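Colleague: Got a structure for you, written out below as structure tokens; questions coming shortly.
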Amino acid sequence: MEPSTARPDLNPDQRAAVTASMEPQLVVAGPGTGKTRVLVCRAAHLLEQQNVTPSRLVLVTFTRRAAQQLTDRLTTLAGPEAQHVRAGTIHHFCYETLRAHPDPADIPEDFIVVDDAVTDAFWQRWYEAHERWCVENELHSYRQVKTHVSRIKLGIDTVSGRLTEGLRAYGEMLADRGALDFDDLLAKTRDLLRAHDDVRADLAAETDAVLVDEFQDTDPVQFDILRRLGEEGVHLYCVADDDQSVYRFRGARPANLRRYIERFDCTAERGTQHILTTNYRSNRSIYAVAETVLDGEGRLKQRGDIRTRDEGVEPVRLVACDDPEAERAYVLRQIRNWIEDGADRSDLSVLTRWNRRLAALERDFLRAGMACETSSSEDLLETPPAQKLHALLRVVDARRRDRPVDAPMTELLRQMLPDGVMARLRDFGERTMPGAGLWAVFQTIVSNEQARRSAGLDPVAARLDRAYATITNLLQKTREADLDIGRFAREALRQLGDPLQLLRRHAATLTDPVSLPSVRTAGRVLEQWREAQDAPDAPRLLLHHRTPQITRLWRQLVRRALNIETDPPAPLPEIQEALLARPADEGIPPLGADDVVLTTDLEALLRWAERTDAFPATNDTPQILLLAPDAALPSDRQTLLGVAPGDVHLVDADAAVHSPSVRLVKLLQMTTGPSAAEPLFPEYVMVDIEATSTDPRHCRVAEIGALKVRDGTVVDRFSELVQLPGDLTADERETLRTVCGLDPDTDFGDARPEAEVWADFCDFVGAAPLVAHNGQRYDFRVLRRLAETHDTNAQWATTYDLLPAAHDLFPDLRRYDAAHLRKTLLDDDTDTAHRALADCEDQQRILERLQDERVRQHRILAHEPLLPLLVAALTYESPVPDALSPDAQAFLQVGHMWALRDASPAGDDLRSLLPRALPDRLRHHALYAVIDEEALLTVSAGLQPGLARRLEALFAPYADQPLRSEALDDLLTHLALWGEETAPQGEDVVTLSTYHSAKGLEFERVVCMDVHNNAFPPYFARDPEERRESRRLLYVGMTRAERHLVLTYPERERGYDRRLTPFLDAAPGELLHTVENDDSPR
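The numbering used here applies: residue 30 is where the sequence shown begins, and numbers increase by one.
Written out as structure tokens, the structure reads:
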């Protein structure tokens, strides 16, 4: 490759490391010493000076995010060819190696990688079955069992007792799936390289160099893999810091550094060991105090080796608080004071030792209206919608590969049903269906009322029906031709029914803009303007408000809602009373009859127009949408001012929503939302079956009714009685009389044989999709049985059950049987005698009602991510809180939550438009009285704003690929290996993190909590190495800070006294100042 002219400045230590020879190298890089710069520059040096081909260069990182960052920086430095460098985690490197050599590795060619959801489920069940043995062996949770198993597979611990059988069963489970877990990727790659010289030689032949980041976090197996590559002649270049090795619980061994040095003779004298000695991050006082925490024994760096570029000596502050609650309160005040001093939220972080402390801290921040994100809330794949979708995709993949589906189906059921229901399912299966899979047990429970009663699951029958119908609906959908992963994922998320929108909880109280005639009229005006935007001389849209800041906020709201914002966004305009949605080349050009104006004050608008000559033609004024009905003028006054009354449209003439900005949102919802429901399919058949029992396996079909619907209109009907057999039982006769309204003695004189009726029914349906209420549980199963019994082929491939949609759209109903839906949704309690065709007519009306409700919700939930812009506008409007309409209250609550999480696509707009962060602005505004602080906490429990957007980003690389293809396997591997690290994150939030999760991050100002003797070292530290790692963990946390560091701890916790950690005993007094916990932290 040609050398790049742009090369970052390197200090002498860095330059020596970058330009070192092609012998195995070790770079010891402490916090803030530029290790990433060295890695990137070394990679560029190899590409440009050593002529290494990009595809033969491997970058091994600890996380996928780190790999992406290195690749981006390398591409900037060395050019676009650097994108072909193989960058990823060690697990991903092993995955690619095993994919290339499955036969010698003795694994299936189409193996998949299972993620934590699968392994957690297995070991949780195993732990529950062997809890007593586990506790006796100091394994107090399934996670500890899982960690122990991992260490066994990596050769760190030994297997004993009942766990031997557990590992055998675990291996069988993986084999049934054709799957490997994360530890298998490592262990099998090690075994492959150890046992097959030819594979090792092939791998070395296609790999010139391997650059390893965070080498101190390697475990024995990872070290063995890298060592064997080095011994085969691959250039190894490892960057490490023994002072930051904090993952011993995952198997990491800092001793690997010594082993590497000894094996490859890495010494400073030979020019193969380099220590970076300049810290560019922390000031002198922070680093000096942090370094005293470390044990000097066995370090590669000696105390004093590292110099700080920033010679600042502002002391580190130490604060003792009464208890954990007082500590959190102090931290909150400290963060707020830093923000008031002008610090950016993105420059602030709070670190805690334990996840449970992190959760309590997050609740306090949310209650205080302070935008934050936590390391515990970033795992997108742990959210319920993602877990259900992930489990469903594993089922689809198992079916695609003809693998057993019971295990992935069990995981899907576990995600969809409560633990108590799952326990009863397992109990029923063990008692009555030994050896059967849980999916078979579930199908029996759903279809057999007696079995359901025996399992004690009658009270949750509706929930079971819904789960079954949803699963079968979605599996039916996978049969569609040309179905891609993205479209299936979106449909699955919709049918799985998880609230990806916070507004959905307010759906019952939100006003449908269609219900407001004046909003409908104004919406048509705006829609006509929108449709004309592709014309050469497109009409203009002007936004006017006497408060220029509201005008600017409205402009951004309109641009984003109508999808006319550019990428990157157009520069924000200067503060003006009136602005065009699309900027003109110069100023405000004269407006004509095809143009549209949004305003709240007609007189003020006309005065502005007179000053600017915006309405030059007296009889050619634009269409004016007036968002404040009380500002309307009498028609004679409008005529006198030169405005035709027909050109002025009042929006929300009855003032139903009490706010111009809320009216604007309603108008945008009306403009962009569907005006009427679309048919479920262009053509479909609504079907209903009457039979002698509710058991679809054994019932005798008595009547089939069906409606053919085309473009939403019933075009044909089918109704046939089926000849009954002569051996009907008394119970079957009674069911026909009392349930179906059919007398078996008098009503079946003209009935025809079942085979004839079936043939005519198949001819009536053709290939059209079938629709039924509770069809997946009953009607469709009966039809499948008939198809297996008779010769006539059924052509249809798609079935759709109404039940999940009813649950999804009307979650608060008591029951979901057809009669209750008809009474509740249609206000019709007429007795139709339960005849098949009459039921079809009812079901068609119910479907139309469901479709209408879906369209209504589509409108009222539209533009939720933009609600922070509305909240900002409301803070300038300053309406009386008690006067806010339900819509305004809901928008305010939800918009505030989006702002707290910094999840809105309009986040950059708000940062540019507002003098202070929106959560702060609202917190000090009278409108904050409307905010329900307790409701904010539910978001931190999994319901996250922006979740749909983050999921879309996660699936984006595979969205256009066919669902039933190897791309689905690639996606599942992507999810298992990389998780959600490419999902967007907030940019204007305080980061709350555990010490472990903060590794690799840096902030201008940091608060380190829990610096007491029960956390550092932790109460469970039993040996000297655990204590040394605890020292390193505190050191890692403290060295996240650049300029300001505060240490806090509670003096009493859970009834026990706490003291300052002994690790700080050697800290110099002049650099560590103890301050009182008062109300004014600096």
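We put the beta carbon where it would ideally sit given N, CA and C, even for glycine.
Quantities reported herein were computed from a predicted structural model and do not represent experimental measurements.
1. Quick one: grab the DSSP three-state call for Asp352.
2. In angstroms, rounded to a whole number, what distance separates the CA positions of Ala867 and Phe984?
3. Would Cys267 pass as a contact of Phe244 if the rule is Cβ separation under 7 angstroms?
4. Reducing DSSP to helix, strand and coil, say where Lys1028 ends up.
5. Would the region 150–167 and the region 111–128 be scored as touching if the rule is three or more Cβ pairs under 8 angstroms?
6. Could you give the C-beta distance for Ala780 and Leu812, rounded to a whole number, given that I count them as a contact under 8 angstroms?
7. Is the Cβ-Cβ distance between Asp792 and Ala801 less than 7 angstroms?
8. Where does Asn822 sit, in a helix, a strand or coil, going by DSSP?
9. Which ranges would you report for the beta strand (DSSP E) in the region 836–866 if only whole runs of at least 3 residues count?
10. So what's Lys330 in DSSP terms, helix, strand or just coil?
11. Could you tell me which residues DSSP pairs with Lys737 in its beta bridges?
12. With burial defined as no fewer than 16 other Cβ atoms inside 10 Å of the residue's Cβ, what is the status of Asp774: buried or exposed?
13. Sorted by chain position, which residues of the same chain lie with C-beta nearer than 7 angstroms to Thr337's C-beta, five sequence neighbours on each side aside?
14. Please state the DSSP three-state secondary structure of Arg945.
15. Residue range of the alpha helix (DSSP H) that Ser544 falls in?
16. Name the two residues that bound the continuous alpha helix (DSSP H) containing Gly1066.
17. So is Glu402 buried or exposed if we call it buried at 16+ other beta carbons inside 10 Å?
18. When burial is assigned at 16 or more other CB atoms within 10 Å of the CB, is Glu407 buried or exposed?
19. If we ignore side chains and look at the alpha-carbon of each, how far apart do Leu1000 and Pro437 end up?
20. Got a sec, what are the start and stop residues for the beta strand (DSSP E) Gln112 sits in?
21. Tell me, to the nearest whole angstrom, how far the beta carbon of Asp642 is from that of Pro619; I am working on the premise that it is less than 8 angstroms.
22. When DSSP labels each residue in this structure, what does Ser933 get in the three-state scheme?
23. Cα separation between Gly108 and Val87?
24. To the nearest angstrom, how far is it from the Cα of His74 to the Cα of Val114?
25. Between the alpha carbons of Leu895 and Asp989, how many angstroms are there, rounded?
26. In whole angstroms, what separates the C-alpha of Gln444 from that of Phe1092?
27. Within 7 angstroms of any Cβ in chain B, is that where the Cβ of Leu854 sits?
28. If you reduce the DSSP assignment to three classes, tell me which class Gln1014 lands in.
29. I believe Phe91 touches Thr118 by the beta-carbon criterion, under 8 angstroms. Please report the beta-carbon distance rounded to the nearest angstrom.
30. Looking at Asp135: is its Cβ nearer than 7 angstroms to the Cβ of Leu183?
31. Taking Val677 as part of the beta strand (DSSP E), name the residues at either end of that continuous run.
32. Where Asp145 and Gly300 are concerned, what is the direct C-alpha to C-alpha distance, given to the nearest angstrom?
33. When you compare the region 1074–1083 with the region 1032–1049, are there three or more beta-carbon pairs, one atom per stretch, that lie closer than 8 angstroms?
34. Relative to the C-alpha of Arg395, which residue among Met926, Arg482, His574 is closest?
35. Tell me, to the nearest whole angstrom, how far the beta carbon of Leu951 is from that of Gly398; I am working on the premise that it is less than 8 angstroms.
Modeller: Based on what the coordinates show:
1. The residue given as residue 352 occupies position 323 in the sequence shown. DSSP places Asp352 in coil when its eight states are reduced to three.
2. For this step, residue 867 is matched to residue 838 along the sequence shown. For this step, residue 984 is matched to residue 955 along the sequence shown. Ala867 and Phe984 have their C-alpha atoms spaced approximately 44 angstroms apart.
3. Within the sequence shown, the letter at position 238 stands for residue 267. Within the sequence shown, the letter at position 215 stands for residue 244. Cys267 is a Cβ neighbour of Phe244, given a cutoff of 7 angstroms.
4. As a first step, residue 1028 is located in the sequence shown; it is residue number 999 there, counting from the start. If DSSP states are grouped into helix, strand and coil, Lys1028 belongs with coil.
5. Too few Cβ pairs lie closer than 8 angstroms, so no.
6. As a position in the sequence shown, residue 780 is number 751, starting the count at 1. As a position in the sequence shown, residue 812 is number 783, starting the count at 1. About 18 angstroms; that fails the 8 angstroms criterion.
7. Residue mapping note: residue 792 aligns to position 763 of the sequence shown, counting from 1. Residue mapping note: residue 801 aligns to position 772 of the sequence shown, counting from 1. Not in contact: Asp792 and Ala801 (Cβ atoms no closer than 7 angstroms).
8. Mapped onto the sequence shown, residue 822 falls at position 793. Look at Asn822 here: in three-state DSSP terms it is coil, with no helix or strand label.
9. Fully contained in the region 836–866 is no beta strand (DSSP E) run of length 3 or more.
10. In the sequence shown, residue 330 corresponds to position 301, counting from 1. DSSP places Lys330 in coil when its eight states are reduced to three.
11. On the sequence shown, residue 737 is found 708 positions in, with the first residue counted as 1. Its beta-bridge partners are Val714, Asp745.
12. By one-based count along the sequence shown, residue 774 stands at place 745. The residue in question, Asp774, is exposed, as its Cβ has fewer than 16 Cβ neighbours within 10 Å.
13. Along the sequence shown, one-based indexing puts residue 337 at 308. These residues qualify, in order along the chain: Asn308, Ser311, Asn312, Arg313, Tyr316.
14. Taking the first residue of the sequence shown as position 1, residue 945 is located at position 916. The DSSP-derived three-state label of Arg945 is coil.
15. Taking the sequence shown and counting its residues from 1, one reaches residue 544 at position 515. For Ser544, no alpha helix (DSSP H) segment is defined, and its DSSP state is neither H nor E.
16. Residue 1066 sits at position 1037 when you count from the first residue of the sequence shown. Here the alpha helix (DSSP H) through Gly1066 covers 1053–1067.
17. In the sequence shown, residue 402 corresponds to position 373, counting from 1. Looking at its Cβ environment, which holds 16 or more other Cβ atoms inside 10 Å, Glu402 is buried.
18. As a working note, residue 407 is residue 378 in the sequence shown. For Glu407, the predicted structure reports a pLDDT of 47, less than 50, and the residue's modelled location is therefore unreliable. The matter cannot be settled from this model.
19. Here residue 1000 corresponds to residue number 971 of the sequence shown, with the count starting at 1. Here residue 437 corresponds to residue number 408 of the sequence shown, with the count starting at 1. When rounded, the separation of the alpha-carbon atoms in Leu1000 and Pro437 is 16 angstroms.
20. As a working mapping, residue 112 is identified with position 83 in the sequence shown. Where Gln112 is concerned, there is no enclosing beta strand (DSSP E), given that its DSSP letter is neither H nor E.
21. For the purposes of this step, residue 642 is taken as the residue at position 613 of the sequence shown. For the purposes of this step, residue 619 is taken as the residue at position 590 of the sequence shown. For a cut-off of 8 angstroms, the C-beta gap from Asp642 to Pro619 is around 7 angstroms, short enough to register as a contact.
22. Against the sequence shown, residue 933 aligns to sequence position 904. Three-state DSSP puts Ser933 in coil, outside helix and strand.
23. Taking the sequence shown and counting its residues from 1, the one referred to as residue 108 is at position 79. Taking the sequence shown and counting its residues from 1, the one referred to as residue 87 is at position 58. Roughly 17 angstroms between the two C-alpha positions.
24. For the purposes of this step, residue 74 is identified with residue 45 of the sequence shown, where counting begins at 1. For the purposes of this step, residue 114 is identified with residue 85 of the sequence shown, where counting begins at 1. Their Cα atoms are separated by approximately 13 angstroms.
25. Locating residue 895 in the sequence shown gives position 866, where the first residue counts as 1. Locating residue 989 in the sequence shown gives position 960, where the first residue counts as 1. When the Cα atoms are used, Leu895 and Asp989 turn out to be separated by approximately 27 angstroms.
26. Sequence index remark: in the sequence shown, residue 444 carries index 415 (1-based). Sequence index remark: in the sequence shown, residue 1092 carries index 1063 (1-based). Using only the alpha carbons, I get a separation of about 44 angstroms.
27. Chain labels in this structure do not include chain B; a single protein chain is all it has.
28. The residue you call residue 1014 lines up with position 985 of the sequence shown. Unreliable positioning characterises Gln1014 in this predicted model, as indicated by a pLDDT of 46, which lies under 50. The coordinate reading is nonetheless provided below. Of the three classes helix, strand and coil, the one that applies to Gln1014 here is coil, per DSSP.
29. Along the sequence shown, one-based indexing puts residue 91 at 62. Along the sequence shown, one-based indexing puts residue 118 at 89. That belief holds up - the Cβ atoms of Phe91 and Thr118 are roughly 7 angstroms apart, short of 8 angstroms.
30. Against the sequence shown, residue 135 aligns to sequence position 106. Against the sequence shown, residue 183 aligns to sequence position 154. At least 7 angstroms separates the beta-carbon of Asp135 from that of Leu183.
31. What you label residue 677 is simply residue 648 of the sequence shown in a count that begins at 1. Here the beta strand (DSSP E) through Val677 covers 677–679.
32. Within the sequence shown, the letter at position 116 stands for residue 145. Within the sequence shown, the letter at position 271 stands for residue 300. Asp145 and Gly300 have their C-alpha atoms some 43 angstroms from each other.
33. As far as the Cβ criterion goes, the region 1074–1083 touches the region 1032–1049, which means the pair count is three or higher.
34. Position 366 of the sequence shown, counted from the start, is the residue given in the question as residue 395. First, the amino acid is wrong: residue 395 is Leu here, not Arg. Taking only the C-alpha atoms, the option nearest Leu395 is Met926.
35. Here residue 951 corresponds to residue number 922 of the sequence shown, with the count starting at 1. Here residue 398 corresponds to residue number 369 of the sequence shown, with the count starting at 1. Right, the Cβ-Cβ distance comes to about 7 angstroms (below 8 angstroms), so this counts as a contact.
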